Amino acid sequence: MNARELALLALTESHDRGTYVQDCLHELLARHPMSPADRALATEIAAGTVRHRRTLDRLLDRRLKTPIREMLPAVRFILESAAYQILYLERVPDYAVVDEAVRLARQTTRGRMSGLVNAVLRRLSEMIDREARAESVRDVRRLIPLPRGGAVVLKESVLPEQTTRRLADAYSFPHPLVARWVERWGAAGAEQVLASLNRPPRTFARVNALRASRESLAARLPESVRDAVRWVGDRAADVSDLPHEHLLALLGEGLVTVEDPTAMRAVEAMDVRPGLTVLDLCAAPGGKASYIAELLQGQGTVWALDRPGPRLETLRDTCRRLGLATVRVVANVPAQWPDDMPRRFDRVLVDVPCSNTGVLGRRAEARWRLKDHAFESLRPLQMELLAQGAALTAPGGLCVYSTCSIEPQENDRLVREFLAGRPEMVLQVERETLPSADGDGGYFARMTRLEAT
């Protein structure tokens, strides 16, 4: 099985099972080992096809009599994955993509649809103006932005004239979400966010300060790969370009944890110091709880709570890997809390479930699974968790509320609504971060509980 066959199979299984394509890829690659280059190609094709599906379908429908959404899934996925390669993978010659797609169509449909696949993809290839330079094209309806910058120039105006629909089709996002962002930030601001969420997500690693430092970690790596680590502070580094085997080795030894700088900032806002008693109310899978434990430097306790289930075991595994003895993992069922668990804490982190709009670029399907009512449907749970966290904050202590959302309903509006009826809780600082090349999008608000008078 080659990379394109595996990508097609992942798309098919994801559709049939209703699961994430990344999970299907992981299972298939475990059963069909490939070279690193082929693994990367299969992943790029499958995830990219899902991520850019709206754009691909818009262009393919221009060359089809039957809308692509009404075609047999096997044919649809062959056309979409081939179209993705033609539009977004410049290193792959179009003729090679078309030939492979035709072969897959013969193999999958017993030859019945190979002629259609051949004709449609050749016409799609002919739509691209390979002589034009994107920066000199004034008609934005001819431009398909590329994730790594630049754009594909089309010979005709294919995209809609209306701004929000053009942006939705060009960047492949649900139109209601794009319209929402255009209303909030304007077309230019919304386009910056869309472009950031389409960039290949970067991988950041946080140094486990109990076992390593920036200097010792660099010394641990072969000199030939040290330049692949781009430090973004004393504790965090962009390791996207570090060969995978070296990152796995660092993770296995408990020297680093994969965590985005935006997530780290929520913990840093807590002002954690050795000797404090800290509560992480929604702790699994353990990224923030482990960072808190590292900041305690072995003095104090982190009580890490989450819903009962497999996520708690993942949290325990994270703490074991990092050698964190100050973390107590507990199911968030108040009736079952241990007798020695405090009922007030110096610091409380409430990292709530949310719409995840600040991290939509990290899972290919996430944008398509996001429902417009999601911004409101989670508010009762978010408010309940924040109220629980605030009630567990000791007088003079700090409570930090955080999300990986960039929606006001889940962030600053919710915090202000919460504070309106609680004069004992005072907002100190809040920060919204939009997704960019330097990290994910997200939000945190730090509140203090006033001393009793």
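The end of the sequence shown is residue 528 by my numbering, with every number in the run present.
We put the beta carbon where it would ideally sit given N, CA and C, even for glycine.
Quick caveat: nothing in here was measured; it's all calculated off a predicted structure.
DSSP has residue 507 in a bridge; who is on the other side? Start at 1 with the first residue of the sequence shown, and residue 507 comes out as number 432. When DSSP reads this structure, residue 507 sits in a beta bridge with 518.
Do you know whose CA, among 200, 98, 519 and 314, lies nearest residue 302's CA? Numbered from its first residue, the sequence shown carries residue 302 at position 227. Of 200, 98, 519 and 314, the smallest CA-CA separation from residue 302 is found for 314.
With burial defined as no fewer than 16 other Cβ atoms inside 10 Å of the residue's Cβ, what is the status of residue 127: buried or exposed? As a first step, residue 127 must be located in the sequence shown, where it is residue number 52. Label assigned to residue 127: buried.
Just to check my reading of the structure: residue 401 and residue 373 have Cβ atoms closer than 8 angstroms, yes? What is that Cβ distance to the nearest angstrom? Taking the first residue of the sequence shown as 1, we reach residue 401 at position 326. Taking the first residue of the sequence shown as 1, we reach residue 373 at position 298. Right, the Cβ-Cβ distance comes to about 6 angstroms (below 8 angstroms), so this counts as a contact.
Could you tell me which of 223, 142, 209 and 106 sits nearest to residue 230, measuring between CA atoms? Locating residue 230 in the sequence shown gives position 155, counting from the first residue. Among 223, 142, 209 and 106, the Cα nearest to that of residue 230 belongs to 209.
For the alpha helix (DSSP H) containing residue 394, name the first residue and the last one. Locating residue 394 in the sequence shown gives position 319, where the first residue counts as 1. Looking at the DSSP string, the run of the alpha helix (DSSP H) that includes residue 394 is 385-397.
What's the gap between the Cα of residue 176 and the Cα of residue 116? Start at 1 with the first residue of the sequence shown, and residue 176 comes out as number 101. Start at 1 with the first residue of the sequence shown, and residue 116 comes out as number 41. Answer to the nearest angstrom: the Cα atoms are 15 angstroms apart.
Supposed close pair residue 399, residue 368 - CB separation, criterion 8 angstroms: Walking along the sequence shown from the start, residue 399 turns up at place 324. Walking along the sequence shown from the start, residue 368 turns up at place 293. Right, their Cβ atoms sit about 4 angstroms apart.
So which of 465, 379 and 88 has the shortest CA-CA distance to residue 525? Translated into the one-based positions of the sequence shown, residue 525 becomes position 450. Considering only alpha carbons, the answer is 465.
Closest residue to residue 330 among 164, 289, 300 and 220 (Cα-Cα distance): For the purposes of this step, residue 330 is taken as the residue at position 255 of the sequence shown. Selection 164, 289, 300 and 220 evaluated against residue 330 yields 289 as nearest (Cα-Cα).
Just to confirm, are residue 406 and residue 381 a CB contact at a threshold of 9 angstroms? Position 331 of the sequence shown, counted from the start, is the residue given in the question as residue 406. Position 306 of the sequence shown, counted from the start, is the residue given in the question as residue 381. Closer than 9 angstroms, so yes.
Is the beta carbon of residue 403 sitting closer than 9 angstroms to the one on residue 378? Reading the sequence shown from its first residue, position 328 is the one you call residue 403. Reading the sequence shown from its first residue, position 303 is the one you call residue 378. The criterion of a C-beta distance shorter than 9 angstroms is satisfied by residue 403 and residue 378.
Alpha carbon to alpha carbon, how far is residue 298 from residue 434? Give it in angstroms, no decimals. Locating residue 434 in the sequence shown gives position 359, where the first residue counts as 1. Locating residue 298 in the sequence shown gives position 223, where the first residue counts as 1. Distance from the CA of residue 434 to the CA of residue 298, rounded to the nearest whole angstrom, comes to 33 angstroms.
Can residue 133 and residue 272 be called in contact, C-beta distance under 9 angstroms? Stepping through the sequence shown from its first residue, residue 133 is reached at position 58. Stepping through the sequence shown from its first residue, residue 272 is reached at position 197. Residue 272 is positioned such that its CB atom lies no closer than 9 angstroms to that of residue 133.
Burial state of residue 77 (16 or more Cβ within 10 Å): Within the sequence shown, the letter at position 2 stands for residue 77. Residue environment for residue 77: exposed (fewer than 16 other C-beta atoms within 10 angstroms of its C-beta).
Taking the straight line between their C-alpha atoms, what separation do you get for residue 447 and residue 227? As a first step, residue 447 is located in the sequence shown; it is residue number 372 there, counting from the start. As a first step, residue 227 is located in the sequence shown; it is residue number 152 there, counting from the start. Taking the straight line from one Cα to the other gives about 30 angstroms.
Bridge-paired residues (DSSP) for residue 173: Here the question's residue 173 lines up with position 98 in the sequence shown. Its beta-bridge partners do not exist; DSSP assigns none.
Quick one: grab the DSSP three-state call for residue 271. Along the sequence shown, one-based indexing puts residue 271 at 196. Helix.
In whole angstroms, give me the CA-to-CA distance for residue 354 and residue 467. Stepping through the sequence shown from its first residue, residue 354 is reached at position 279. Stepping through the sequence shown from its first residue, residue 467 is reached at position 392. Those two C-alpha atoms are separated by around 8 angstroms.
What residue range is occupied by the uninterrupted beta strand (DSSP E) comprising residue 312? Locating residue 312 in the sequence shown gives position 237, where the first residue counts as 1. Start and end: 311-313.
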